[in-house]
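J.: Could you have a look at this structure, given as structure tokens, before my questions?
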Amino acid sequence: MTSFLGWRRLHGVATTSPFFGGAIMDEKNNVQQLPWLPEIMELVRDELSTLTETQHEQRPALEQEVKLLEDKIKGWSASLAKPDLSTALRTAIESDCSAALDRRQDIENSLAEREAQHEQADRLVDESEVLHRIEQLADVLDRNNPTMGNLHLSLHIDRIVCAPDGKVTMKICKLGSLTEAVEIFADVDDNGDTSSNDPKKTRGAPRRRARLRVESWAEDGVNMRALAEFAADSDRFAGLGEDWFWTDEFQIPDRPLSWVDQNAQRVFGRRQEAKLSHAKLAAEFGVSKPTIRAAINRHLATHPDAKDEVNLSSGGARPPKFDLTEFGHEARALWAAGWAKLKLAKKYGCSTPTIDKAIAWAYDQAGLPVPTRADRQSVRVAEARQMLDTGHSLDEIVDALKVSDVTARKYLNASFAAEGKPMPDLRSKRRQS
């Protein structure tokens, strides 16, 4: 309950309605009294009294109208029973009889509805019931259930209007805790049309909200689906007079300027005055270099005539850490012999990108392109085949190429496959131990 009724005090927002404050709590933090409740209950009693008096005056006339309609319906029914009745007259009587039946049904429904309203009157003026529902609203909000919170707040809040200048106007219905009273007190004329207070006649009709997905019945027997339908109706309070509403007005404070906006001119002026780099400015102002850069760009964007006259040298390219001329040719030869670049990097104490640069430099010095992996494998295949054709054993080929037995066989198999020949049995070519 504290989180709801104390919201206004917590955020320091001044409002015009008493709805959010002034509650008297007991030792268990339950609502015992609301300062505005007696006045509302008095208004409800007065409205019920006026409504009851009006309905009491109208009831005899409505009952008399029902009796007259029944007499007419009986007469028309007797006329329709005549077989020789003309078609034109039969059609006219059927039309009149149908209209009379509809009118009688409307009056009977209205009288039954008024009887139900009288039965609800005692509940509407029960302050303990209102306090209980307010307590339910607080409990729902404290449980942090967005769906149920949205539903219960919709019973109280008619609309929230946000203006470009930061002004927020919230219209709250005083009958939010008595949803039954909303339908009873809505100003409806005899034809069922809402009165001139209908907001739809003075403003654009808002889009109907989607019905919230809730269980059919709550633990206390409340029909939640009916409440969800009521809450989704954007015109749920149409027909109620302005006396049944409070208006809360909030003013959203201006958003504070960011550090960049507040210090853009200072940073730019300091840079032009002392010819400082972004790094030195960041150290001086105690922020990051991107923040300094953003402040300078913000000043330039808001001052089209300004120009950053500071043009500091970036220091040029870094000198190479390794002299490629010292090991480039050797690295090229070892790489061509089958050494992996990672192995070469460990040998020379550098990174593999440095090995790439050294090999590229060596080939460039020789006026040759750096061979691709396929080019290098073709060379190895040719070397293995040449050694085999000149009488070398498989073991000698393995030793010369510094590869495994499997890799040497793969090279030879690729060579013979390119010629469309099967690879011979190499067991006889093995060197005798």
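Note that the numbering used here has the sequence shown beginning at 730, numbered continuously upward. Each residue gets a CB set at the ideal place from its N, CA and C atoms; glycine is no exception. Bear in mind the structure is a predicted one, so any value in this text is a computation, not a measurement.
Answer with buried or exposed for Cys-902, where buried requires no fewer than 16 other C-beta atoms within 10 angstroms of its C-beta.
T.: Taking the first residue of the sequence shown as 1, we reach residue 902 at position 173. With 16 or more Cβ atoms within 10 Å of its Cβ, Cys-902 is classed as buried.
J.: If you count every other CB in all the chains shown that lies within 10 Å of the CB of Asn-992, and 16 or more means buried, which is it?
T.: What you label residue 992 is simply residue 263 of the sequence shown in a count that begins at 1. The residue in question, Asn-992, is buried, as its Cβ has 16 or more Cβ neighbours within 10 Å.
J.: Would you be able to state if there are at least three C-beta pairs under 8 Å between the stretch 1082–1100 and the stretch 1053–1065?
T.: With the cut-off at 8 Å, the stretch 1053–1065 and the stretch 1082–1100 touch.
J.: Measure the alpha-carbon distance for Val-859 versus Ser-906 and round it to whole angstroms.
T.: Residue numbering aside, residue 859 sits at position 130 when the sequence shown is read from its first letter. Residue numbering aside, residue 906 sits at position 177 when the sequence shown is read from its first letter. Roughly 6 Å separates the two Cα atoms.
J.: What's the gap between the Cα of Arg-774 and the Cα of Glu-844?
T.: Counted from its first residue, the sequence shown places residue 774 at position 45. Counted from its first residue, the sequence shown places residue 844 at position 115. Whole-angstrom Cα-Cα distance: 17 Å.
J.: On the criterion of 16 or more Cβ atoms from any shown chain inside 10 Å, does Ser-965 qualify as buried, or is it exposed?
T.: Here residue 965 is taken as the residue at index 236 of the sequence shown, counted from 1. Ser is not the amino acid found at residue 965; the sequence shown has Arg there. Buried is the call here.
J.: Could you give the distance in angstroms between the alpha-carbon of Glu-1002 and the alpha-carbon of Pro-893?
T.: One-based indexing of the sequence shown puts residue 1002 at position 273. One-based indexing of the sequence shown puts residue 893 at position 164. Answer to the nearest angstrom: the Cα atoms are 40 Å apart.
J.: Within its chain, find whatever has a CB closer than 8 Å to the CB of Gly-1044; leave out the 5 residues flanking it on each side and keep chain order.
T.: Translated into the one-based positions of the sequence shown, residue 1044 becomes position 315. Legend: pLDDT at Gly-1044 = 48, less than 50; position of this residue unreliable, no value from coordinates given.
J.: Taking His-1007 as the reference, which of Ile-1021, Phe-1014, Gln-994 has the closest Cα?
T.: By one-based count along the sequence shown, residue 1007 stands at place 278. For His-1007, the nearest C-alpha among the options comes from Ile-1021.
J.: Given that a residue counts as buried once 16 or more other Cβ atoms are within 10 Å of its Cβ, and exposed if not, what is Ala-867?
T.: Reading the sequence shown from its first residue, position 138 is the one you call residue 867. Classification of Ala-867: buried, given that the 10 Å Cβ count is 16 or more.
J.: Where DSSP assigns a beta bridge to Val-897, which residues make up the other side?
T.: Walking along the sequence shown from the start, residue 897 turns up at place 168. BP columns for Val-897 point to Cys-891, Phe-979.
J.: Can Ala-1012 and Arg-1061 be called in contact, C-beta distance under 7 Å?
T.: Taking the first residue of the sequence shown as position 1, residue 1012 is located at position 283. Taking the first residue of the sequence shown as position 1, residue 1061 is located at position 332. Not in contact: Ala-1012 and Arg-1061 (Cβ atoms no closer than 7 Å).
J.: Here's the rule: buried if 16 or more other CB atoms are within 10 angstroms of the residue's CB, otherwise exposed. What is Ser-1144?
T.: Position 415 of the sequence shown, counted from the start, is the residue given in the question as residue 1144. Answer is buried; the Cβ neighbour count reaches 16.
J.: Tell me, please, which residues DSSP counts as bridged to Ile-886.
T.: What you label residue 886 is simply residue 157 of the sequence shown in a count that begins at 1. Answer is Ile-901.
J.: Give the straight-line distance between the Cα atoms of Leu-814 and Ser-808, rounded to the nearest whole angstrom.
T.: In the sequence shown, counting from the first residue as 1, residue 814 sits at position 85. In the sequence shown, counting from the first residue as 1, residue 808 sits at position 79. If you take the alpha carbons of Leu-814 and Ser-808, they lie about 8 Å apart.
J.: DSSP state of Phe-1145, grouped into three classes?
T.: Within the sequence shown, numbered from 1, the residue matching residue 1145 stands at position 416. It is helical.
J.: Which residue's Cα is closest to the Cα of Arg-1027: Glu-768, Arg-1102, Gln-994?
T.: Your numbering for residue 1027 matches position 298 in the sequence shown. Per the Cα distances, Gln-994.
J.: Count the other CB atoms, across all protein chains shown, that sit within 10 Å of the CB of His-881; report buried if there are 16 or more and exposed otherwise.
T.: Counted from its first residue, the sequence shown places residue 881 at position 152. Buried, because 16 or more other Cβ atoms sit within 10 Å of the Cβ of His-881.
J.: What residue range is occupied by the uninterrupted alpha helix (DSSP H) comprising Phe-959?
T.: Counting from one through the sequence shown, the residue named residue 959 turns up at place 230. Phe-959 -> alpha helix (DSSP H) spans 953–961.
J.: Throw me the rounded Cβ distance for the Leu-708 and Glu-856 pair, which I believe falls under 8 Å.
T.: Shown here, the chain extends from 730 to 1162; a query on residue 708 therefore has no answer.
J.: Just the C-alpha distance for Lys-811 and Lys-801, rounded to the nearest angstrom, thanks.
T.: Here residue 811 corresponds to residue number 82 of the sequence shown, with the count starting at 1. Here residue 801 corresponds to residue number 72 of the sequence shown, with the count starting at 1. Each residue's Cα considered, the two are about 16 Å apart.
J.: What number of angstroms, rounded off, separates the C-alpha of Ser-1017 from the C-alpha of Asp-983?
T.: Walking along the sequence shown from the start, residue 1017 turns up at place 288. Walking along the sequence shown from the start, residue 983 turns up at place 254. Cα to Cα, the separation comes out at about 26 Å.
J.: Can you tell me which residues form a DSSP beta bridge with Phe-1167?
T.: Since the first and last residues shown for the chain are 730 and 1162, residue 1167 lies out of range.
J.: Rounded to the nearest angstrom, what separates Arg-1105 and Ala-1024 at their Cα positions?
T.: Position 376 of the sequence shown, counting from 1, holds the residue named residue 1105. Position 295 of the sequence shown, counting from 1, holds the residue named residue 1024. So the two alpha carbons sit approximately 55 Å from each other.
J.: CA-CA distance, Glu-958 and Arg-862?
T.: On the sequence shown, position 229 is the one that residue 958 refers to. On the sequence shown, position 133 is the one that residue 862 refers to. Whole-angstrom Cα-Cα distance: 18 Å.
J.: Assuming Lys-896 and Gln-980 form a contact by the criterion Cβ under 8 Å, report the distance between their Cβ atoms to the nearest whole angstrom.
T.: One-based indexing of the sequence shown puts residue 896 at position 167. One-based indexing of the sequence shown puts residue 980 at position 251. Confirmed, Cβ separation roughly 6 Å.
J.: Identify, in the order they occur along the chain, each residue of the same chain with its Cβ nearer than 8 Å to the Cβ of Gly-1057, setting aside the five sequence neighbours on each side.
T.: For the purposes of this step, residue 1057 is taken as residue 328 along the sequence shown, with counting starting at 1. Counting only Cβ-Cβ distances below 8 Å, and skipping sequence neighbours, we find Ala-1087, Ile-1088, Trp-1090, Ala-1091, Gln-1094.
J.: To which residues of the same chain is Thr-1142 closer than 8 Å at the C-beta, ignoring the five residues directly before and after it?
T.: Within the sequence shown, numbered from 1, the residue matching residue 1142 stands at position 413. The residue you asked about is not Thr; residue 1142 is Asn in the sequence shown. Counting only Cβ-Cβ distances below 8 Å, and skipping sequence neighbours, we find Met-1152.
J.: State the Cα-Cα distance for the pair Ala-1129 and Lys-1009, rounded to the nearest angstrom.
T.: Taking the sequence shown and counting its residues from 1, one reaches residue 1129 at position 400. Taking the sequence shown and counting its residues from 1, one reaches residue 1009 at position 280. The alpha-carbon atoms of Ala-1129 and Lys-1009 are separated by roughly 60 Å.
J.: Return the residue from the list Lys-1131, Glu-1148, Thr-1136, Ser-1122 that minimises the CA-CA distance to Asp-1154.
T.: The sequence position of residue 1154 within the sequence shown is 425, counting from 1. Nearest of Lys-1131, Glu-1148, Thr-1136, Ser-1122 to Asp-1154, Cα basis: Ser-1122.
J.: What span of residues does the alpha helix (DSSP H) with Phe-914 cover, start to end?
T.: As a working note, residue 914 is residue 185 in the sequence shown. Per DSSP, Phe-914 belongs to the alpha helix (DSSP H) from 908–914.
J.: Using the three-state DSSP reduction, which class does Met-877 fall into: helix, strand or coil?
T.: Here the question's residue 877 lines up with position 148 in the sequence shown. Helix, per DSSP.
J.: For Leu-791, which residues of its own chain have a beta-carbon under 6 Å away from its beta-carbon, when the five flanking residues on both sides are left out?
T.: Within the sequence shown, numbered from 1, the residue matching residue 791 stands at position 62. Only Ile-836 meet the Cβ criterion.
J.: As an exercise, report each continuous alpha helix (DSSP H) stretch of at least 4 residues that is fully enclosed by the stretch 1030–1096, in chain order.
T.: Whole alpha helix (DSSP H) segments, 4+ residues: 1053–1065, 1070–1077, 1081–1094.
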